[in-house]
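Report on one structure; see the data block that follows.
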Amino acid sequence: MALITWSAQMSVGIAKIDEEHQRLITLLNALHARMMAGRGDEVVGDVLDQLVSYAKTHFATEEALFRSHGYPQAAAHKKEHDDLTAKAVELQIAVSGGKAFLTLPTMTFLKDWLTNHIMKMDMAYRPFFAAKGIK
Ligand code: FEO
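Read in order, the letters of the sequence shown are residues 11 to 145 in the numbering used here.
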């Protein structure tokens with residue numbers, strides 16, 4: 011069973027951003043499936059690397075959109091992106107160094123890491139971009 015299932019309630023109303031969020035969810039679900047299947051650290055670490063790398067790409071997409079349209083909450087939003095990235099990189103380093111393993115609590119942390127951000131911070135920009143006709 012997937013850790014997270016995409017639903018219309020997660021849509022921020024911008025197609026490119028929704029696609030990127032769906033890709034992040036797919037990667038997180040793949041990571042969860044590998045963990046549940048008891049795959050080796052190398053296989054798990056590879057998917058975790060992809061997740062962290064794609065999260066950085068996605069955060070850059072949003073921040074570029076903020077700059078282009080003068081989103082007033084950009085600084086606070088970027089700070090959360092930076093904090094999320096730092097936490098994920100910390101986990102990535104711990105896993106690759108054999109100091110941490112992907113367990114259910116770790117997966118719950120990553121699930122919350124992604125869903126709380128989308129449902130709170132990302133959802134907060136929806137009306138701003140909708141008013142500008144961005145979709
Ligand atoms: Fe979709 Fe602010 O990350």
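Idealized CB from N, CA, C, for every residue including glycine.
Here the structure is a predicted model, which means the values were calculated and not measured.
Range covered by the alpha helix (DSSP H) that runs through residue i
i, result
"Ala141", "Met133 to Ala141"
"Arg49", "Taken as a continuous stretch (DSSP letters only), Arg49 belongs to no alpha helix (DSSP H), as it is neither H nor E."
"Val99", "Ala84 to Ser106"
"Met117", "Leu114 to Asn126"
Nearest residue (CA-CA) to residue i, options the options
i, options, result
"Val54", "Phe138, Lys109, Thr118 and Val105", "Val105"
"Ile103", "Ile27, Glu52, Gly23 and Met45", "Glu52"
"Asp92", "Leu114, Ser21, Thr67 and Gly108", "Thr67"
"Leu114", "Lys88, Arg44 and Glu72", "Arg44"
"Ala47", "Leu112, His31 and Ala96", "Leu112"
"Leu94", "Ser63, Ala74 and Lys109", "Ser63"
"Met133", "Met11, Asp56 and Gln19", "Gln19"
Distance between residue j and residue i (C-alpha atoms, nearest Å)
i, j, result
"Met129", "Leu61", "19 Å"
"Ser21", "Ile14", "14 Å"
"Gly80", "Arg49", "45 Å"
"Ser78", "Val99", "28 Å"
"Ala40", "Tyr135", "28 Å"
"His42", "Ala12", "8 Å"
Residue j beta carbon less than 8 Å from that of residue i
i, j, result
"Lys121", "Ala25", "no"
"Phe76", "Ala65", "no"
Inter-residue CB distance, residue i and residue j (contact presumed, cutoff 8 Å)
i, j, result
"Ile27", "Glu72", "7 Å"
"Leu38", "Leu124", "6 Å"
"Ala140", "Gly23", "5 Å"
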